[in-house]
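Colleague: This is the structure I have questions about; it appears just below.
Residue numbers (the UniProt record's numbering), protein chains in the order written: chain A, 1 to 280; chain B, 1 to 280.
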């Protein structure tokens with residue numbers, strides 16, 4: 001099939017690589033607002049052609065992937081849907097409620113399937129695209145009942161071939177769960193980087209002493225503001241709810257250490273260790 | 001040389017593997033308070049023999065490694081030093097000030113070299129031992145001027161052969177820096193696990209939706225309380241100082257999101273991104 005990818009960054013570019021490698025896409029057309037990204041996407045072989053002609057790209061495609069930050073998504077998705085006839089359109093965004101609310105009365109709503117591949121890295125742009133990013137990961141399909149059955153079937157078929165595991169959620173549920181298992185991790189990582197950069201003025205020491213543990217908790221702090229601020233904005237209520245709980249947990253641990261109540265600190269760590277049951 | 005390792009867990013066991021693989025150790029004697037760990041260390045080939053006879057082990061050794069949790073360290077290290085003649089003794093502990101203060105008047109102080117290999121994983125026990133854990137990592141040598149020159153020279157030679165990069169710090173400095181680049185990461189990870197376990201009652205959803213970002217920020221929450229509570233206790237002042245700064249940073253980010261001041265959130269993320277300069 002012919003696939004158009006709008007936004008050829010980490011996610012759009014990695015999806016292009018996967019769709020080509022699995023022979024799902026016979027031709028990939030790329031669009032990116034940034035001419036440099038267009039050029040790099042061509043050079044890196046992520047896409048077969050780039051264009052600024054959205055209408056032509058959509059008309060020549062079977063599947064249109066909108067992989068832009070969530071603020072731009074609110075503008076771009078309706079533009080794409082206005083051009084759609086039989087094509088299937090997907091987003092790959094991290095928040096769903098506001099987007100699905102915004103297009104709920106769109107006459108082409110049925111051609112759109114809201115999906116969220118639970119995969120990524122802290123890097124962005126076409127150079128960040130990597131093969132096999134999605135292999136074995138989870139794809140969330142949101143509010144599938146609002147999409148046409150044939151559109152859902154096409155999306156299921158494409159992503160099962162990557163292969164990805166499919167999970168079906170309502171948009172409200174999706175936004176709550178991702179606040180816990182994705183959005184909060186980015187906030188704590190940004191705050192941890194700020195803490196260390198603020199207080200540890202000897203950067204050479206951070207460099208010398210940082211080991212795997214520090215790197216793994218702080219690596220998400222390299223993530224792009226252009227991607228994450230719109231996510232925090234669109235999922236603000238859930239993010240604040242989780243963040244408030246996290247602040248309570250941290251403050252509680254802080255107070256127990258301040259009070260030298262080490263048996264209680266031990267109990268809390270034993271409780272935290274239960275995450276072993278869930279993450280291998 | 002003959003090496004005795006007291007405490008054959010993640011660090012002691014991994015060091016045994018490295019000392020054997022580099023042919024630095026011709027014989028490794030293991031001691032562990034836990035008979036099961038002794039048995040496993042033998043089965044896994046981490047050590048050539050196990051014994052409960054500390055005096056005999058020390059007398060037959062050139063190098064004695066004390067790799068026990070920091071609370072036990074305060075008891076075990078003086079017991080070892082009381083048995084030492086020409087042998088060199090090292091700890092591999094994560095906090096230094098309290099330990100070095102406790103032994104500062106020990107008549108065998110010169111035979112002891114305080115070191116901290118900046119490497120580890122979230123697992124513990126002899127089965128957690130892995131080859132090459134220390135390759136290319138940093139070894140901090142603390143207060144080297146309080147150790148005999150020949151003892152420091154032997155330790156430098158051993159760890160340079162692993163190979164590790166040597167960094168020299170005072171104990172006070174060491175404890176401040178490790179609060180930033182190691183201890184705080186563990187506290188935020190424990191608190192993040194507690195947050196998610198407390199609020200996300202649908203464990204199946206965590207399992208399905210958790211991707212690399214969540215796993216990397218939360219993996220340290222699998223770490224052992226037996227190891228970490230004594231570290232928080234002995235480095236309490238620095239840990240509280242860093243934790244208070246982290247709470248301020250998190251609260252600030254929370255307030256900006258609550259106030260919908262997204263330009264300021266963007267600025268904070270750009271500041272946090274500066275960690276890219278330090279961590280590749």
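Cβ coordinates follow ideal geometry from the N, Cα and C atoms, glycine included.
It should be emphasised that the depicted structure is a prediction, and the values quoted were computed from it without experimental measurement.
(1) Does DSSP put residue 114 (chain A) in a helix, in a strand, or in coil?
(2) Assess contact between the stretch 229-239 of chain A and the stretch 61-75 of chain A, defined as three or more Cβ pairs (one per stretch) separated by less than 8 angstroms. Is contact present?
(3) Decide if residue 13 (chain A) is buried, meaning its Cβ has at least 16 other Cβ atoms within 10 Å, or exposed.
(4) What are the complete beta strand (DSSP E) segments, minimum 3 residues, inside the stretch 122-162 of chain B?
(5) With 8 angstroms as the threshold, decide whether the Cβ of residue 237 (chain B) is near any Cβ in chain A.
(6) Enumerate in chain order the residues of its own chain whose CB-to-CB distance from residue 175 (chain A) is below 7 angstroms, with the five nearest sequence positions on each side excluded.
(7) Determine the chain A residues that contact residue 22 (chain B) at a beta-carbon separation under 9 angstroms, and present them in chain order.
(8) State yes or no: is the beta carbon of residue 25 (chain A) nearer than 8 angstroms to at least one beta carbon in chain B?
(9) Pull up the distance between the alpha-carbon of residue 83 (chain B) and that of residue 58 (chain B), whole angstroms please.
(10) For residue 165 (chain B), write down the residues that DSSP places opposite it in a beta bridge.
(11) Does any residue of chain A bring its CB to less than 8 angstroms from the CB of residue 94 (chain B)?
(12) Count the other C-beta atoms from every protein chain shown that fall within 10 angstroms of the C-beta of residue 37 (chain A), then say buried if there are 16 or more, exposed otherwise.
(13) Based on DSSP bridge pairs, tell me the residues matched to residue 30 (chain B).
(14) Where does residue 242 (chain A) fall in DSSP's three states?
(15) With a Cβ-Cβ cutoff of 8 angstroms, do residue 2 (chain B) and residue 27 (chain B) count as a contact?
(16) What's the C-alpha gap between residue 169 (chain A) and residue 181 (chain A)?
(17) Among residues of its own chain, excluding the 5 on either side of residue 22 (chain B), which ones have a beta-carbon nearer than 7 angstroms to its beta-carbon?
(18) Please list the partners that residue 261 (chain B) has in chain A, where partner means a Cβ-to-Cβ separation under 7 angstroms.
(19) Using the rule of at least 16 other Cβ atoms within 10 Å of the residue's Cβ for burial, across every protein chain shown, is residue 245 (chain B) buried or exposed?
(20) Residue 276 (chain A) touches chain B at which residues, Cβ-Cβ below 8 angstroms?
(21) Please report the straight-line C-alpha distance between residue 226 (chain A) and residue 269 (chain B), rounded to a whole angstrom.
(22) Tell me the residue span of the beta strand (DSSP E) that contains residue 90 (chain B).
(23) Taking only beta-carbon positions, decide if residue 189 (chain B) is within less than 8 angstroms of chain A.
(24) Which residues bound the alpha helix (DSSP H) around residue 100 (chain A)?
(25) Cβ closer than 7 angstroms: which chain A residues qualify as neighbours of residue 265 (chain B)?
(26) For residue 206 (chain A), return the contacting residues in chain B, with the cut-off set at a CB-CB distance below 9 angstroms.
(27) With distances taken between CB atoms, is the gap from residue 122 (chain A) to residue 219 (chain A) smaller than 8 angstroms?
(28) Please report the Cβ distance between residue 216 (chain A) and residue 118 (chain B), rounded to the nearest whole angstrom; I am assuming they are in contact, meaning their Cβ atoms lie under 8 angstroms.
(29) Any beta carbon of chain B sitting closer than 8 angstroms to that of residue 167 (chain A)?
(30) Distance cutoff 8 angstroms, beta carbons only. Does residue 17 (chain A) sit that close to anything in chain B?
(31) Using a Cβ-Cβ cut-off of less than 9 angstroms, give me the residues of the stretch 30-62 of chain B that come near chain A, in sequence order.
Modeller: In brief:
(1) Residue 114 (chain A) sits at position 114 when you count from the first residue of the first chain. Here residue 114 (chain A) sits in strand by DSSP.
(2) Cβ pair count under 8 angstroms is three or more, so yes.
(3) For this step, residue 13 (chain A) is matched to residue 13 along the first chain. Answer is buried; the Cβ neighbour count reaches 16.
(4) Counting only runs of 3 or more, we get 138-142.
(5) Within the second chain, residue 237 (chain B) is the residue found at index 237, counting from 1. Judged by the 8 angstroms Cβ criterion, residue 237 (chain B) is not in contact with chain A.
(6) Working through the first chain from its first residue, we reach residue 175 (chain A) at position 175. Within the same chain, residue 175 (chain A) has close Cβ partners 95, 96, 97, 235 and 238.
(7) As a first step, residue 22 (chain B) is located in the second chain; it is residue number 22 there, counting from the start. Within chain A, no residue comes near residue 22 (chain B); the closest Cβ sits about 20 angstroms away, beyond 9 angstroms.
(8) Taking the first residue of the first chain as 1, we reach residue 25 (chain A) at position 25. Not an interface residue.
(9) In the second chain, residue 83 (chain B) corresponds to position 83, counting from 1. In the second chain, residue 58 (chain B) corresponds to position 58, counting from 1. Between residue 83 (chain B) and residue 58 (chain B), the alpha-carbon positions lie close to 7 angstroms from each other.
(10) Numbered from its first residue, the second chain carries residue 165 (chain B) at position 165. Under DSSP, residue 165 (chain B) forms a beta bridge with B:138.
(11) Locating residue 94 (chain B) in the second chain gives position 94, counting from the first residue. Interface with chain A (8 angstroms Cβ-Cβ cutoff): residue 94 (chain B) is excluded.
(12) For the purposes of this step, residue 37 (chain A) is taken as the residue at position 37 of the first chain. So residue 37 (chain A) ends up on the buried side.
(13) Walking along the second chain from the start, residue 30 (chain B) turns up at place 30. Beta-bridge pairing links residue 30 (chain B) to B:5 and B:50.
(14) Indexing the first chain from 1 puts residue 242 (chain A) at position 242. In the structure shown, residue 242 (chain A) adopts helical secondary structure according to DSSP, grouped into three states.
(15) In the second chain, the residue the question calls residue 2 (chain B) occupies position 2. In the second chain, the residue the question calls residue 27 (chain B) occupies position 27. Contact: yes.
(16) The residue you call residue 169 (chain A) lines up with position 169 of the first chain. The residue you call residue 181 (chain A) lines up with position 181 of the first chain. Across the structure, residue 169 (chain A) and residue 181 (chain A) are spaced so that their CA atoms are roughly 15 angstroms apart.
(17) To locate residue 22 (chain B), count along the second chain from 1; it is residue 22. Same-chain partners within the cutoff: 161 and 162.
(18) Looking up residue 261 (chain B) in the second chain gives position 261. Within chain A, not a single residue places a beta-carbon under 7 angstroms from that of residue 261 (chain B); the smallest gap is close to 11 angstroms.
(19) Residue mapping note: residue 245 (chain B) aligns to position 245 of the second chain, counting from 1. A residue is called buried once 16 or more other Cβ atoms fall within 10 Å of its Cβ, and residue 245 (chain B) is buried on that count.
(20) Taking the first residue of the first chain as 1, we reach residue 276 (chain A) at position 276. In chain order: 222.
(21) Here residue 226 (chain A) is taken as the residue at index 226 of the first chain, counted from 1. Here residue 269 (chain B) is taken as the residue at index 269 of the second chain, counted from 1. Distance from the CA atom of residue 226 (chain A) to the CA atom of residue 269 (chain B), rounded to whole angstroms, is 10 angstroms.
(22) Indexing the second chain from 1 puts residue 90 (chain B) at position 90. Element bounds for residue 90 (chain B): 88-91.
(23) If you number the second chain from 1, residue 189 (chain B) lands on position 189. Taking Cβ atoms only, chain A reaches closer than 8 angstroms to residue 189 (chain B), which makes this a yes.
(24) As a first step, residue 100 (chain A) is located in the first chain; it is residue number 100 there, counting from the start. Element bounds for residue 100 (chain A): 97-102.
(25) As a position in the second chain, residue 265 (chain B) is number 265, starting the count at 1. Chain A residues near residue 265 (chain B): 229 and 232.
(26) Counting from one through the first chain, the residue named residue 206 (chain A) turns up at place 206. Near residue 206 (chain A) (Cβ distances below 9 angstroms), the residues of chain B are 177, 180, 181, 275, 278 and 279.
(27) Reading the first chain from its first residue, position 122 is the one you call residue 122 (chain A). Reading the first chain from its first residue, position 219 is the one you call residue 219 (chain A). Yes, the Cβ-Cβ distance between residue 122 (chain A) and residue 219 (chain A) is below 8 angstroms.
(28) Here residue 216 (chain A) refers to the residue found at position 216 when the first chain is read from its first residue. Here residue 118 (chain B) refers to the residue found at position 118 when the second chain is read from its first residue. Incorrect: roughly 14 angstroms between the Cβ atoms, too far for contact.
(29) In the first chain, the residue the question calls residue 167 (chain A) occupies position 167. Residue-level contact check: residue 167 (chain A) touches chain B, since one or more beta carbons of chain B fall below 8 angstroms from its beta carbon.
(30) As a position in the first chain, residue 17 (chain A) is number 17, starting the count at 1. With its beta carbon at least 8 angstroms from every one in chain B, residue 17 (chain A) lies outside the interface.
(31) Correct list: empty, as no residue qualifies.
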